[in-house]
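Taking it in order: structure first as structure tokens, then the write-up.
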Amino acid sequence: MGSEKVNQRLGLWIALAAVLLVTGSLTRWRRIDTRPPAWDQSVHLNLALDYRDFLLHGKPVTSSWASIYPPLYHLSLIPVLSIGTPSESKAAAMHVVYFVLLLWGLARIAKRLGAETADAACAALLFAGYS
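Residue numbers (numbering that gives the first Met the number 0): 0 to 130.
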């Protein structure tokens with residue numbers, strides 16, 4: 000029983016370290032990257048804002064990209080982009096939430112396959128492939 004509790008704590012520390020690493024990396028990158036956004040990031044940000052305008056004001060989404068990309072990602076950005084002035088930093092911060100969900104899901108799969116908590120956290124991190 001004692002080693003199981005230690006293993007659970009270790010797994011939580013590993014997951015917390017991963018989340019802090021991703022958050023710190025995103026924050027640092029946003030500070031040192033001063034270039035204008037690439038067209039792809041701009042398209043996604045504008046598409047999220049177009050969906051927001053559609054939901055709040057009924058303005059039709061006329062972007063040709065709307066038929067290419069599924070709307071769930073862009074709809075999930077609307078709450079964070081609606082706080083103050085929309086920015087790329089706010090959209091990038093949502094990726095921490097997505098990373099936590101990915102780690103949680105992968106750890107659950109690893110535990111279901113019989114891994115201990117720390118092993119499950121390590122497996123989730125390895126599979127997530129922090130890049």
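A virtual CB, placed ideally from N, CA and C, is assigned to each residue, including glycine.
Under 8 Å, do residue i and residue j count as touching if we go by C-beta distance?
i: residue 47; j: residue 80; result: yes
i: residue 17; j: residue 102; result: yes
Apart from the five residues just before and just after residue i, which ones in its own chain have a Cβ nearer than 7 Å to its Cβ?
i: residue 23; result: none
i: residue 91; result: 25, 29
i: residue 64; result: 42, 46
i: residue 70; result: 50
Cutting at 8 Å between CB atoms, please list the residues of its own chain near residue i, excluding the five before and the five after it.
i: residue 77; result: 47, 50, 51, 54
i: residue 95; result: 18, 21, 22, 25
Please name the residue in the options whose C-alpha comes closest to that of residue i.
i: residue 87; options: 7, 18, 38, 9; result: 38
i: residue 75; options: 59, 62, 97, 61; result: 97
i: residue 104; options: 14, 67, 89; result: 14
i: residue 93; options: 58, 115, 108, 72; result: 72
i: residue 85; options: 115, 44, 11; result: 44
i: residue 40; options: 68, 4, 59; result: 68
Could you check what DSSP says for residue i in three-state terms: helix, strand or coil?
i: residue 72; result: helix
i: residue 42; result: helix
i: residue 111; result: helix
i: residue 4; result: helix
i: residue 34; result: coil
i: residue 60; result: coil
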